[in-house]
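When you read off a place in the sequence shown, starting at 1, and then add 26, the result is the number in my numbering.
Note that CB positions come from ideal geometry on N, CA and C, so glycine has one too.
Keep in mind that this is a model prediction, so the values were computed, not measured.
One structure is given below, encoded as structure tokens.
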Amino acid sequence: QVQLVESGGGLVQAGGSLRLSCAASGSIRNIINMGWYRQPPGKQRELVASFSSGGTNYADSVKGRFTISRDSVKNTLYLQMNSLKPEDTAVYYCNVKAGMVVTTNYWGQGTQVTVSS
Numbered sequence: 027q028v029q030l031v032e033s034g035g036g037l038v039q040a041g042g043s044l045r046l047s048c049a050a051s052g053s054i055r056n057i058i059n060m061g062w063y064r065q066p067p068g069k070q071r072e073l074v075a076s077f078s079s080g081g082t083n084y085a086d087s088v089k090g091r092f093t094i095s096r097d098s099v100k101n102t103l104y105l106q107m108n109s110l111k112p113e114d115t116a117v118y119y120c121n122v123k124a125g126m127v128v129t130t131n132y133w134g135q136g137t138q139v140t141v142s143s
């Protein structure tokens, strides 16, 4: 059974940094892409950054501040967040899309990031 477990969220002042981690357990085959999403209070979930066969993709709002990376040996996905802003406040979710004929979305439970002004 696949599980994604995020960690690293917390409260930080504007301008600060956090690194989120997403540890995957279980075997995921035929990965299409993997990445980070976030859901600000009262808003829809949005893509923050992702890896796919086409390369790395970032939301315009985080370009130059956030970096997505992965450690294949540890089966862990990271999101380094620098120069944080209050508008980055959200629950951050790790996501893996996989499958050949049928696509399956795997989600973590989410980790809260709060940026104070």
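Got a sec? Which residues, its chain only, sit under 8 Å from ARG55 by beta carbon, not counting five neighbours each side?
ALA124
DSSP state of SER51, grouped into three classes?
strand
Between VAL28 and the rest of its own chain, which residues show a CB-CB distance below 6 Å, the 5 nearest in sequence each way excluded?
GLY52, ILE54 and TYR132
Reducing DSSP to helix, strand and coil, say where VAL99 ends up.
coil
Comparing alpha-carbon positions, which option in GLU113, VAL88 and PRO112 lies nearest LEU105?
VAL88
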